[in-house]
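Engineer: The first sequence begins at 1 in full-length UniProt numbering and counts up one residue at a time.
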Amino acid sequence: MAISISASKLFKLRLHSPIILRHLSTESNPPPPPPHQDQDQDQDSLITQALQLLQAPDYDSNSNTTTPLQELLFSSSSPSSPFIFRNITRRLSSSSEALKFFHYLQSNSTSQDILPSLSSTFQAIFELASREPDSHNKLLELYGTAKEHNVPLTINAATLLIRCLGRAGMVDQVLVVVKEVDPSLKNTHFCNVVIDVMFRLGRVDDALKVLDEMLQPDSECPPNDSTGDIIFGAMLRREWRGRSINDEEIVGLVSKFGEHDVFPDTFQLTQLITKFCRNRKTGRAWDLLHDVMKSGGVVEAASCNALLTGLGKGGDFERMNNLTTEMKEMNIQPNVVTFGILINLMCKSRRVDDALEVFKKMKEGSDGVLVEPDAIMYNTLIDGLCKVGRQEEGLSLVEQMRSQNGCAPNTVTYNCLIDGFCKSGEIERAQELFDQMNRESVFPNVITLNTLIDGMCRHGRINSAVEFLNDMQSKGVKGNAVTYAILINAFCNVNNIDKAMEFFDQMSNSGCSPDAIVYYTLISGLSQAGRMDDASSVVSKLKEVGFCLDTVCYNVLIGGFCKKNKLDKAYETLKEMEEAGVKPDSVTYNTLISYLSKTGNFTTAHRVMRKMIKEGLKPTVVTYGALIHAYCLIGKIDEGMKIFRDMGSASKVPPNTVIYNILIDSLCKNDDVEHALSLMDDMKVKGVKPNITTYNAIFKGLRDKNLLEKAFELMDRMIEQACNPDYITMEVLTEWLSAVGETGKLKKFVQGYEVSASSA
DNA sequence: TTAGGGTTAG
């Protein structure tokens, strides 16, 4: 009785089978909604019965009479639905049991339409095998069996197979399966799995080929959000087995995805933009964001912030402006980070008042957007104020901070203020702030330490700095490479090279390894002190630990060798530099040209200059200055003037104050103060400001010719320009004017200087 | 959001 009932139910089911079949061939994840409940129950009872009969001894025997199992499964004129066979198979104990069932179905079915059922059964076998040990080999073997029996894989079976083979790293087998899958069965889920597997196996080009087909406008398998996740994730991945997706591809792909209404989420978009900006590809980042905007994707402040940061670093203020305008137009609400970026940029370019205005508007919401500042923003402004010497205003911002909830001054706040006071030479106030932060339990860090040490060193208190370091070390704040760089530099500056070397050794011994800057600092100090052997040995140490010399460091060495008259060593260094692939710059050539011309080797100096030009470098004002100076030194002022005229006209390098100083000084010393005065007029015309060196040179020239009126005129001009006299000026003028009884003029000059100093 | 270095002509 059970059988007959089942047979009739089967008939009922068969009516639905075309629909079920269609589902099978295009089935994607997630699976289609479950059938009706009564159908469910019918199926369940059929499956239960089938499973019971499969335990019976006559299953798999080739009896001539119809068995109950055959009756159940094949009684009517057509086979039962593939869905049923698959569900029976799924409940078998193993893939080998399932394979036996497959063979049973194959040999017992008389129907022509059994093929879809067999495919479906095979899918279930794959499912079982995929959960068994050694699944990839089992699946591969089963795939062979299916092919042997001409049973096409369902798309889900193919998907499962590919995923499993991919996990086992079987690249070639994956490619074979992909090639053999019936193209008409492929769906988006299948393509997603293929792409994912290919990426993981490092087959980027194969993955992109599949993706390209998905992205075609008339694609049978259009991309969905999962496709997006796979691709955008792959774009951001750091470690690649194959090649990475290049920037151009990224922009193109995001744009094509957009045509299918698939977009990176805010996090992915922001990450992609950040990645481009870090590689200085703000143009691509810009295109990326705007593609998403144009095709209607969601763009939030975070992504815009990433781009604003990149544009700011590249100094592209025009695009920054455009982007903020677009944000307004598109109703993308700026947040505290957006304002932070803008305010930071203004502070860094010393436009602190502009920054304060933006800050005020933001806090009041007077421009339509009200945002509460955070500690970072306060710190940015405080730093900005301190960097332009407005520490007191910085302190009043700290008071504002205190009055705002959850915005207490922190270590960074104090560090900025301490640096401000140190830079202005108010070391005591910096120390007071240091004491205050300790009282408030805002803990100093190594930056606090270094800021104070640097301040002390720069204001002649090296010993206090060392004492302070020792004190802090004993309290647990250890110095780092920066600390030692500061101290080494400070000792080099006061020509205490031994002490500098001592600190260098001390840091290595105390387990703080020097970084490249520490090496560069010491090399420079030694080179300037003329200790080239020591400098060379530090260079060797630097190389031993794996650092490289950069252009400036090579220049320092070349300059050092020149100073010691070791031209051969200088050339050797230049050669090494070129061989190491470090391009000499104009400073390198200028150093050599200066040395060569000063030692009278003008032919070689000009040859080096030609080489410089050949290498694509333009002679600079320093190049011409070096030559002019050398010609003047040997009394060939005409030659110097010739170069001077040439640089302004032919080479289009405008002369600066130093150039004029060299010439004016030489002309005066050469008894040609008239010509020197005409050069001073020339400076006025060209807008080149004279400095104290200019005035000292011309005053000496005027004194030698006793041209008093001209001197008075220039003294007035000095006061006007707030150019402070130095001891040379005073010496020359005092001696001369006293001798000629013009002490009144001198007194007036000193008073004028005092007035101009106080007003300045 | 905070700290360090080195080069050429007077």
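Note that CB positions come from ideal geometry on N, CA and C, so glycine has one too.
1) For K575, count the other beta carbons within 10 Å of its own beta carbon; 16 or more makes it buried, fewer makes it exposed. Which is it?
2) What number of angstroms, rounded off, separates the C-alpha of R22 from the C-alpha of G340?
3) From V658, H675, D704 and K705, pick the residue whose C-alpha is nearest to that of N691; which is it?
4) Taking only three categories from DSSP, how would you classify I245?
5) Name the two residues that bound the continuous alpha helix (DSSP H) containing Q391.
6) What do you reckon, are the CB atoms on K147 and S95 nearer than 8 Å?
7) For S184, which option in C221, L201, K209 and M170 has the closest C-alpha, if you only look at C-alpha atoms?
8) Count the other C-beta atoms from every protein chain shown that fall within 10 angstroms of the C-beta of M330, then say buried if there are 16 or more, exposed otherwise.
9) Which term fits L288, buried or exposed, when burial requires 16 or more other beta carbons within 10 angstroms of its beta carbon?
10) Please report the residue range of the alpha helix (DSSP H) in which N438 lies.
11) Using CA coordinates, which residue listed in F443, T521 and F263 is at the minimum distance from V477?
12) When DSSP labels each residue in this structure, what does W286 get in the three-state scheme?
13) Measure the Cβ-Cβ separation of I517 and I486 and say whether it is below 8 Å.
14) Taking only the alpha-carbon atoms, compute the straight-line gap between L142 and N335 and give it to the nearest angstrom.
15) Is it buried or exposed for N706, if we count other Cβ within 10 angstroms and need 16 for buried?
16) Since A98 and A56 are thought to touch, with beta carbons under 8 Å apart, how far apart are those beta carbons, to the nearest angstrom?
17) Give the list of continuous alpha helix (DSSP H) stretches no shorter than 4 residues that lie fully inside the UniProt repeat "PPR" (187-221).
18) Would DSSP call V412 helix, strand or coil?
19) By how many angstroms is the C-alpha of P655 removed from the C-alpha of N661?
20) Looking at the structure shown, is A500 part of a helix, part of a strand, or coil, going by DSSP?
21) From what residue to what residue does the alpha helix (DSSP H) around R458 run?
22) Could you check if I628 is buried or exposed, using at least 16 other CB atoms within 10 Å of its CB as the buried criterion?
23) DSSP on Q110, reduced to helix/strand/coil?
24) Helix or strand or just coil, what does DSSP make of F263?
25) Using a threshold of 8 Å, state whether the C-beta atoms of V556 and S586 are closer than that.
26) Just to confirm, are D419 and C386 a CB contact at a threshold of 8 Å?
27) Is G560 closer than 8 Å to A535 when the C-beta atoms are compared?
28) With a Cβ-Cβ cutoff of 8 Å, do L215 and H260 count as a contact?
29) With the cut-off set at 8 Å, would you say F101 and F122 are in Cβ contact?
30) Do you know how far the Cα of S441 is from the Cα of K475?
31) What did DSSP end up calling E364 once you bin it into helix, strand or coil?
32) Since V174 contacts A158 with CB under 8 Å, what's their CB separation in whole angstroms?
33) Do the CB positions of I593 and A570 come within less than 8 Å of each other?
34) Can you list, in chain order, the residues of its chain with a C-beta nearer than 8 Å to that of L356? Leave out the 5 residues immediately preceding and following it.
35) Of the choices C422, V262 and V412, whose alpha-carbon is the least far from that of residue 798?
36) Rounded to the nearest angstrom, what separates D515 and G546 at their Cα positions?
Structural biologist: On the basis of the data shown:
1) exposed
2) For R22, the pLDDT reaches just 33, beneath the cut-off of 50, and the residue's location in the model is therefore unreliable, leaving the point undetermined.
3) V658
4) coil
5) Q391 to S403
6) no
7) C221
8) exposed
9) buried
10) I427 to R439
11) F443
12) helix
13) no
14) 58 Å
15) exposed
16) About 17 Å separates the two Cβ atoms, so there is no contact after all.
17) 188-200 and 204-215
18) helix
19) 10 Å
20) helix
21) V446 to R458
22) buried
23) What sits at residue 110 in the sequence shown is Thr, not Gln. T110: coil per DSSP, three-state reduction.
24) coil
25) no
26) yes
27) yes
28) yes
29) no
30) 14 Å
31) helix
32) The Cβ separation is near 11 Å, so there is no contact.
33) no
34) L381
35) Since the first residue of the chain shown is 1 and the last is 760, residue 798 is not available in this structure.
36) 10 Å
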